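*Asks:* Here it is: the structure, laid out below.
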Amino acid sequence: MKTDAKVLRMSDLERLSSVPRHTIHQYIRHGLLPPPVKTGKTSAYYDEAHLEGLRTIQEIKGGLRLPHSYLKRLLEQRDAASEEREEAKAGKKEEDSGLEARERRRREIREAALELFVRKGYGGTKIQDITSRAGISVGTFYLYYRDKKELFMDAVDALIQNVVEAVEETASQDSDPLRKAIRTARFYLDNYSTFSVIINQLRGMMVTENPDARHKYIALHKRIAEPIVRELRNAARRGIIRDLDPELLARAVMGIVEFTAIFLSFDDRYDSGKAVAFIVDLLMNGLRPTGK
471 MKTDAKVLRM
481 SDLERLSSVP
491 RHTIHQYIRH
501 GLLPPPVKTG
511 KTSAYYDEAH
521 LEGLRTIQEI
531 KGGLRLPHSY
541 LKRLLEQRDA
551 ASEEREEAKA
561 GKKEEDSGLE
571 ARERRRREIR
581 EAALELFVRK
591 GYGGTKIQDI
601 TSRAGISVGT
611 FYLYYRDKKE
621 LFMDAVDALI
631 QNVVEAVEET
641 ASQDSDPLRK
651 AIRTARFYLD
661 NYSTFSVIIN
671 QLRGMMVTEN
681 PDARHKYIAL
691 HKRIAEPIVR
701 ELRNAARRGI
711 IRDLDPELLA
721 RAVMGIVEFT
731 AIFLSFDDRY
741 DSGKAVAFIV
751 DLLMNGLRPT
761 GK
């Protein structure tokens, strides 16, 4: 910590970032934030780097409950990209190739658009809104995308890729197939309200008989199902569950989880932990009374 930086206490960090202290302690413990300066057994001081780090983490999460290990990797990638930009500015590194620069700009446009699609919807978002948010001209937009629809499809791909990677990262923390499935279901329930906005917009486009939207939704559905099918096959091989069609079983489980997530979004009597426990009990024990 720099000695001339503004000194902050934990209460200041909580107030300025709106992040509770137990979460801040977790971030420090998992290496997402640097440790504070200890001035005693119970005294510690922070600076604006910690506050900026918290804001960056919240920005990256975007409402998703991501595993700490996955978050740390995203932060490291972000830092590496920042260092590359600084080196390029200082003349220490050759300019990025045209392909790298183009992909970076596409990512910036995509991230700006995704934020607007979530907040305003596909129909309510204009190309001018996207270019203003991304800090580019309308002419520049058309150098990277043919139209808003192509950008939306690209944004859907990026969102689902992030979600699936986070799910697989969450599931990898356990070797037992059943516990992996429980972790996956819990992740979807906790984060459904965030990514369902985009998925539902894609479904809406299918109603208008948009073939691109239909193909994209089928691919998206398959991508989400893949890790579930894999773990169900594994569970059947190990004798944990009956040997059923894993494709159909995965879709049945996905349907239960999705409609449970919708229910949890407007009924606060249950949390995701209780919901997952109920789903697992239903799937493993069925509807027959005990002893029959």
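Add 470 to the 1-based position in the sequence shown for our numbering, that's all there is to it. Cβ coordinates follow ideal geometry from the N, Cα and C atoms, glycine included. All values reported here derive from a predicted model rather than from experimental measurement.
Classify M623 as buried or exposed, calling it buried when 16 or more other Cβ atoms lie within 10 Å of its own Cβ.
*Replies:* Buried, by the Cβ-count rule.
*Asks:* Give me, in chain order, the residues of the same chain whose beta-carbon lies closer than 6 Å to that of V489; leave out the 5 immediate sequence neighbours on both sides.
*Replies:* L524, listed in sequence order.
*Asks:* When the Cβ atoms of the region 614-633 are set against those of the region 665-676, are three or more pairs found closer than 8 Å?
*Replies:* Yes, the region 614-633 is in contact with the region 665-676.
*Asks:* Are at least three pairs of beta-carbons, each pair with one atom in the region 596-608 and one in the region 580-587, less than 8 Å apart?
*Replies:* With the cut-off at 8 Å, the region 596-608 and the region 580-587 touch.
*Asks:* Would A641 and V746 qualify as a contact pair, given that the criterion is a beta-carbon distance under 8 Å?
*Replies:* Against a cut-off of 8 Å, the Cβ pair of V746 and A641 comes out as no contact.
*Asks:* Using three-state DSSP, classify K596 as helix, strand or coil.
*Replies:* It is coil, neither helix nor strand.
*Asks:* Report the residue from M675, S513, K531 whose alpha carbon sits nearest the alpha carbon of N661.
*Replies:* The shortest C-alpha separation from N661 is found at K531.
*Asks:* Span of the alpha helix (DSSP H) holding V413?
*Replies:* This structure gives no information on residue 413, because the portion of the chain shown stretches from 471 to 762.
*Asks:* In angstroms, rounded to a whole number, what distance separates the CA positions of A795 and P505?
*Replies:* Residue 795 lies beyond the residue range present for the chain, which begins at 471 and ends at 762; the question has no answer from this structure.
*Asks:* Is any beta-carbon of chain C found at less than 8 Å from that of F665?
*Replies:* Among the chains of the structure shown, chain C does not appear; only one protein chain is present.
*Asks:* With a CB to CB cut of under 8 Å and the five nearest residues on each side skipped, what residues in its chain are close to K562?
*Replies:* At K562, the pLDDT of 49 sits below 50, so the modelled position is not reliable; the number obtained from the coordinates is stated separately. None.
*Asks:* Using three-state DSSP, classify V637 as helix, strand or coil.
*Replies:* Looking at V637 - three-state DSSP - the assignment turns out to be helix.
*Asks:* For V477, I'd like the list of residues in its chain whose CB is within less than 8 Å of its CB, leaving aside the five on either flank, ordered along the chain.
*Replies:* Closer than 8 Å at Cβ, skipping near neighbours: Y515, Y516, D517.
*Asks:* Got a sec, what are the start and stop residues for the alpha helix (DSSP H) I711 sits in?
*Replies:* Where I711 is concerned, there is no enclosing alpha helix (DSSP H), given that its DSSP letter is neither H nor E.
*Asks:* Please state the DSSP three-state secondary structure of Y516.
*Replies:* DSSP places Y516 in strand when its eight states are reduced to three.
*Asks:* From the DSSP output, read off the bridge partner residues of V507.
*Replies:* DSSP, once it has assigned bridges, lists Y515 as partnering V507.
*Asks:* Alpha carbon to alpha carbon, what distance is there between G743 and K686?
*Replies:* Rounded to whole angstroms, K686 to G743 spans 31 Å at the Cα level.
*Asks:* Pull the bridge partners of L478 from the DSSP assignment, please.
*Replies:* Paired residues: Y516.
*Asks:* What is the residue span of the alpha helix (DSSP H) that L536 lies within?
*Replies:* Premise fails: L536 is in no alpha helix (DSSP H) and is neither H nor E.
*Asks:* For V673, which residues from the same chain have a beta carbon less than 7 Å from its beta carbon, with the 5 sequence-adjacent residues on both sides left out?
*Replies:* One detail in the question is off: residue 673 reads as Arg in this sequence, not Val. Excluding positions up to five away in sequence, the list reads Y687.
*Asks:* Taking just the CA atoms, how far does L714 sit from R548?
*Replies:* Rounded to whole angstroms, R548 to L714 spans 43 Å at the Cα level.
*Asks:* Is it buried or exposed for S645, if we count other Cβ within 10 angstroms and need 16 for buried?
*Replies:* By the neighbour-count rule (16 or more Cβ atoms within 10 Å), S645 is not buried but exposed.
*Asks:* Between the region 749-762 and the region 683-702, do at least 3 Cβ pairs fall closer than 8 Å?
*Replies:* The region 749-762, when compared against the region 683-702, does not touch it at the 8 Å Cβ threshold.
*Asks:* State the start and end residues of the unbroken alpha helix (DSSP H) segment that holds Y449.
*Replies:* The structure shown does not extend to residue 449, since the chain is modelled only from 471 through 762, so no value can be given for it.
*Asks:* Considering only residues of the same chain and omitting the five flanking positions on each side of D482, which have a CB-CB separation below 6 Å?
*Replies:* Cβ within range, chain order: n/a, list empty.
*Asks:* Taking all protein chains shown into account, do 16 or more other C-beta atoms lie within 10 angstroms of the C-beta of R580, making it buried, or fewer, making it exposed?
*Replies:* Counting Cβ neighbours within 10 Å, R580 comes out buried, since at least 16 surround it.
*Asks:* Applying the criterion that 16 or more other CB atoms from any shown protein chain within 10 Å of the CB defines a buried residue, is L569 buried or exposed?
*Replies:* By the 10 Å Cβ count, L569 comes out exposed.
*Asks:* For the candidate residues L659, Y615, I494, whose alpha-carbon lies nearest to that of V727?
*Replies:* Among L659, Y615, I494, the Cα nearest to that of V727 belongs to L659.
*Asks:* Which residue from V626, Y740, G605 puts its Cα closest to that of A689?
*Replies:* For A689, the nearest C-alpha among the options comes from V626.
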